[in-house]
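Taking it in order: structure first as structure tokens, then the write-up.
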Amino acid sequence: MGQKLATLLQNQGERCVLVFANHNYEKIEENQYTLNPAHPQNFQRLLEDSLGADYPRGIVHLWSQDNRFENDHNQPALQHAQILGSGSVLHLVQALIKKTWDHSPRLYLVTRGGQAVLSSQVQVEQSPLWGLGRTIASEHPELQCICLDLDFQTESVQSLFEELWSSEKESQVAWRKNKRHVARLEQQTISPRLDKKPIIRDNSSYLITGGTGSLGLQMAQWLAEQNAQHLILMSRQTTTTDVIKNTITQIEQTGVSVSIVKADVANENELNKVLEQIKNHPFPLRGVIHAAGVLEDGMLIGQNWERFEKVMAAKVYGAWNLHQLTADMALDFFVMFSSAASVLGNRGQSNYAAASGLSTESELPKMSNFV
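Numbered by numbering that gives the first Met the number 0, the letters in the sequence shown go through residues 0 to 370 in order.
And the structure:
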């Protein structure tokens with residue numbers, strides 16, 4: 000798509016610099032470069048080598064459309080998709096804001112099927128980029144960051160070109176079946192489903208990741224109130240505070256069995272061991288609540304990919320592992336927690352906004368219920 004878009008822009012008299020993801024930084028030929036998306040210094044060098052003292056009118060990021068995850072549904076492929084998407088954009092933005100141009104370029108972040116529009120299929124590995132983009136718009140309005148989601152089913156290079164060339168600049172746009180959709184935040188009142196109460200069985204088990212955290216404990220209390228009798232609280236930590244002990248004691252005093260297991264939801268092997276133990280339990284697993292989360296807040300200029308990955312690990316990789324390893328289980332529900340940060344783009348929470356983007360847009364088969 001990059002080559003086709005460049006041709007359309009060049010036909011309008013524009014100069015285009017094409018950049019490809021690879022292991023090393025290299026100038027292939029005039030106006031063509033490769034770089035490593037995981038190396039921040041590559042982006043700084045690219046701006047110097049390709050532009051010098053000049054500044055570009057715009058930068059179009061297309062790497063999130065890499066379809067490796069589509070072909071290889073595993074955690075390494077998901078991790079690759081994140082460094083190619085959010086990781087490269089983080090490093091690009093950091094390089095851009097260090098420049099002293101008179102005019103900053105407009106930044107376009109392009110995904111393909113990364114947003115839930117008209118009940119279309121969602122490529123969940125691309126969704127985090129929109130959460131990051133919204134934070135970029137908040138922290139660095141000079142970049143005028145625009146998120147564009149193309150139709151996964153149809154060729155969209157012409158739609159993308161028209162969006163770039165248009166004088167009308169919406170910050171969040173999705174194209175579906177050659178029709179343009181723009182994002183609007185509207186107030187809605189959701190009535191409780193009195194005809195469909197949650198199925199909570201007293202002869203089943205319920206797994207809560209991040210189970211000893213504040214949110215996890217609240218969910219444990221709620222499940223106990225709904226007559227759940229067997230709760231499994233999973234956590235990376237082995238230490239328990241007085242608050243944790245007191246809360247669990249209160250739950251157990253109602254006759255509910257509470258087990259605490261140590262495992263990292265982002266570690267597929269550790270999670271698999273926990274689920275295998277549950278399979279051997281007399282009470283089958285009927286519900287999963289993914290409440291694990293990590294905060295590594297900080298403005299974009301001071302962030303790095305290591306801190307991003309800590310946040311991604313719990314919310315993104317953990318969610319994927321849970322989905323994969325419970326695929327053959329007859330669950331009544333699979334609940335994930337997102338955050339308004341992924342929709343509003345909280346300043347100082349770029350990594351959390353990106354990580355929450357997956358659960359906001361998720362349409363994985365088991366993830367039909369989320370908060």
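Idealized CB from N, CA, C, for every residue including glycine.
Cβ neighbours of residue i in the same chain (closer than 6 Å, five flanking residues each side left out)
{"i": "E269", "result": "A262 and D263"}
{"i": "H180", "result": "V116 and A173"}
{"i": "L8", "result": "C15"}
{"i": "D148", "result": "T110, G113, Q114 and A173"}
{"i": "G317", "result": "V264, A265 and A291"}
Own chain, CB closer than 8 Å to residue i, minus 5 neighbours either side, in chain order
{"i": "R306", "result": "E295, G297 and N350"}
Residue i classed as buried or exposed, judged by whether at least 16 other C-beta atoms fall within 10 angstroms
{"i": "S337", "result": "buried"}
{"i": "V123", "result": "buried"}
{"i": "N177", "result": "exposed"}
{"i": "E308", "result": "buried"}
{"i": "I27", "result": "exposed"}
{"i": "W164", "result": "exposed"}
Whole-Å CB distance - residue i paired with residue j, under 8 Å assumed
{"i": "G51", "j": "P104", "result": "Wrong, their Cβ atoms sit about 14 Å apart, outside the cutoff."}
{"i": "A411", "j": "G86", "result": "Residue coverage of the chain in this structure runs from 0 to 370, which leaves residue 411 outside it and unanswerable."}
{"i": "H322", "j": "F282", "result": "At roughly 22 Å, the Cβ-Cβ gap does not stay under 8 Å, so H322 and F282 are not in contact."}
Rounded separation between residue i and residue j - CA only
{"i": "A136", "j": "P55", "result": "18 Å"}
{"i": "A227", "j": "Q114", "result": "35 Å"}
{"i": "H280", "j": "G112", "result": "40 Å"}
{"i": "I243", "j": "Q348", "result": "27 Å"}
{"i": "L34", "j": "H90", "result": "12 Å"}
{"i": "Q187", "j": "H72", "result": "35 Å"}
{"i": "K314", "j": "M335", "result": "9 Å"}
{"i": "K365", "j": "F333", "result": "Bear in mind that a pLDDT of 46 at K365, under 50, signals an unreliable position, so the number given afterwards is only what the model happens to contain. About 6 Å."}
{"i": "L222", "j": "E162", "result": "48 Å"}
{"i": "E267", "j": "V92", "result": "32 Å"}
{"i": "T248", "j": "D241", "result": "10 Å"}
{"i": "T238", "j": "I82", "result": "32 Å"}
{"i": "I277", "j": "I189", "result": "35 Å"}
CB contact flag (residue i, residue j, <7 Å)
{"i": "A326", "j": "A265", "result": "no"}
{"i": "E138", "j": "R346", "result": "yes"}
{"i": "I207", "j": "L232", "result": "yes"}
{"i": "G130", "j": "A339", "result": "no"}
{"i": "L106", "j": "C146", "result": "no"}
{"i": "V260", "j": "E251", "result": "no"}
{"i": "G1", "j": "L61", "result": "yes"}
{"i": "A94", "j": "Q43", "result": "yes"}
{"i": "L128", "j": "S63", "result": "yes"}
{"i": "Y132", "j": "L159", "result": "A small correction: the amino acid at residue 132 is Gly; Tyr does not occupy that position in the sequence shown. Taking 7 Å as the Cβ cut-off, G132 and L159 do not qualify as a contacting pair."}
{"i": "V121", "j": "K3", "result": "no"}
Contact test: residue i Cβ vs the ligand MN heavy atom, cutoff 6 Å
{"i": "F282", "result": "The ligand content of the structure shown is nil, which means the ligand MN is not present either."}
Close-in-space but distant-in-sequence residues of the same chain around residue i (CB under 7 Å, 5 per side omitted)
{"i": "M218", "result": "I207, I288 and A290"}
{"i": "W319", "result": "Q74 and L77"}
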